[in-house]
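Shown next, in structure tokens, is the structure this report addresses.
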Amino acid sequence: MVKILFVCLGNICRSPTAEGVFRHHANKAGIEDGFTKKIYIDSAGTAGYHLATPPDKRAQLTALKFGVDIGDLKARKLTMQDFSDFTYLLAMDTDNLMIMQRNCPPEHQHKLHLFMSFAENSPGITEVPDPYYGDTEDFNIAYDFIDRAAQGFLKYIIHEHKLLNT
Ligand code: 4NP
9 MVKILFVCLG NICRSPTAEG VFRHHANKAG IEDGFTKKIY IDSAGTAGYH LATPPDKRAQ
69 LTALKFGVDI GDLKARKLTM QDFSDFTYLL AMDTDNLMIM QRNCPPEHQH KLHLFMSFAE
129 NSPGITEVPD PYYGDTEDFN IAYDFIDRAA QGFLKYIIHE HKLLNT
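Below, the structure is given as structure tokens:
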């Protein structure tokens, strides 16, 4: 099983959106996720400010405009166990990547990536900017960036793990 963890700071804006958008694209491609499936998808925050709360309303509404419902997700904090449990841990920005790199055991460092590094046709975009203190437009931009990276990452793992022909 390929296990994918999306990581941001609070786990209420960017990473739950990434979880929902990626699940949406994977399911559309015929790849279902779950404990007994080929892929497993989750998200977490490097901080625990909003534990067990659903995603920010603004993130929920932005995703819903694209038919992606993230209302059932609940925030949780990244744990040390996540570094061994997951195949890929995808950071929304450099600050969070650095926090992950500082805490991750050496044997799992190769699993850590910037999520935007998988986006196609997005030169110069390396991070999903934090929309939490922003407005609707900031949530739209974050969604657009997440959508590009989700589609690129899906292509990547389909190829890398032969998900469509096994
Ligand atoms: P996220 O956004 O990392 O995309 O979930 C944030 C959510 C909450 C806070 C900061 C960023 N906060 O400071 O509470």
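Read left to right, the sequence shown gives residues 9 to 174 (the numbering used here). Yeah, the Cβ is synthetic: ideal placement off N, Cα and C, and Gly gets one too.
#1: I'd like the ranges of any alpha helix (DSSP H) spanning at least 4 consecutive residues and lying wholly in the segment 13-92.
#2: Between residue 2 and the ligand 4NP, is the CB less than 8 Å from at least one heavy atom?
#3: Starting from residue 167 and walking both ways along the alpha helix (DSSP H), at which residues does that stretch end?
#4: In chain order, what residues of the same chain have a beta carbon less than 7 Å from the beta carbon of residue 33, not counting five sequence neighbours either side?
#5: Taking 8 Å as the cut-off, does the CB of residue 53 come closer than this to any heavy atom belonging to the ligand 4NP?
#6: For residue 147, count neighbouring Cβ atoms within 10 angstroms of its own Cβ and tell me buried if that reaches 16, exposed if not.
#7: Can you give me the Cβ contacts of residue 116 inside the same chain, cut-off strictly under 7 Å, excluding the 5 residues immediately before and after it?
#8: What's the call for residue 68, buried or exposed, on a 16-neighbour Cβ count within 10 Å?
#9: If you reduce the DSSP assignment to three classes, tell me which class residue 172 lands in.
#10: Spatial neighbours of residue 57 within its chain, please: CB distance less than 6 Å, with the 5 preceding and 5 following residues excluded, ordered by chain position.
#11: Three or more C-beta pairs closer than 8 Å, one from the segment 100-117 and one from the segment 63-77: is that the case here?
#12: Considering only C-alpha positions, which residue in the set 10, 15, 78, 143 is nearest to residue 101?
#13: Pull up the DSSP beta-bridge partners for residue 121, would you.
#14: Could you tell me whether the segment 31-46 touches the segment 123-142, using the rule of 3 or more Cβ pairs below 8 Å?
#15: Label residue 52 either buried or exposed according to how many other C-beta atoms from any shown protein chain fall within 10 Å of its C-beta, with 16 as the threshold for buried.
#16: With DSSP as the reference, identify every bridge partner of residue 136, one or two as the case may be.
On the basis of the data shown:
#1: 22-36, 65-72
#2: Not covered by the structure: residue 2. The range shown for the chain is 9 to 174.
#3: As a first step, residue 167 is located in the sequence shown; it is residue number 159 there, counting from the start. Unbroken alpha helix (DSSP H) run through residue 167: 144-168.
#4: Taking the sequence shown and counting its residues from 1, the one referred to as residue 33 is at position 25. So the list reads 158, 159, 162, once near-sequence residues are dropped.
#5: Within the sequence shown, the letter at position 45 stands for residue 53. Yes.
#6: Numbered from its first residue, the sequence shown carries residue 147 at position 139. Buried, since its Cβ has 16 or more Cβ neighbours within 10 Å.
#7: By 1-based counting over the sequence shown, the position of residue 116 is 108. Closer than 7 Å at Cβ, skipping near neighbours: 91, 92.
#8: Residue 68 sits at position 60 when you count from the first residue of the sequence shown. Buried, by the Cβ-count rule.
#9: The residue given as residue 172 occupies position 164 in the sequence shown. Residue 172: coil per DSSP, three-state reduction.
#10: Here residue 57 corresponds to residue number 49 of the sequence shown, with the count starting at 1. If we look at residue 57 and ignore the five residues flanking it on each side, its Cβ neighbours are 18.
#11: no
#12: Within the sequence shown, the letter at position 93 stands for residue 101. It is 15 whose Cα lies nearest to the Cα of residue 101.
#13: On the sequence shown, position 113 is the one that residue 121 refers to. 98, per the DSSP bridge assignment.
#14: no
#15: As a working mapping, residue 52 is identified with position 44 in the sequence shown. Burial call: buried.
#16: For the purposes of this step, residue 136 is identified with residue 128 of the sequence shown, where counting begins at 1. Residue 136 is not bridged to any residue.
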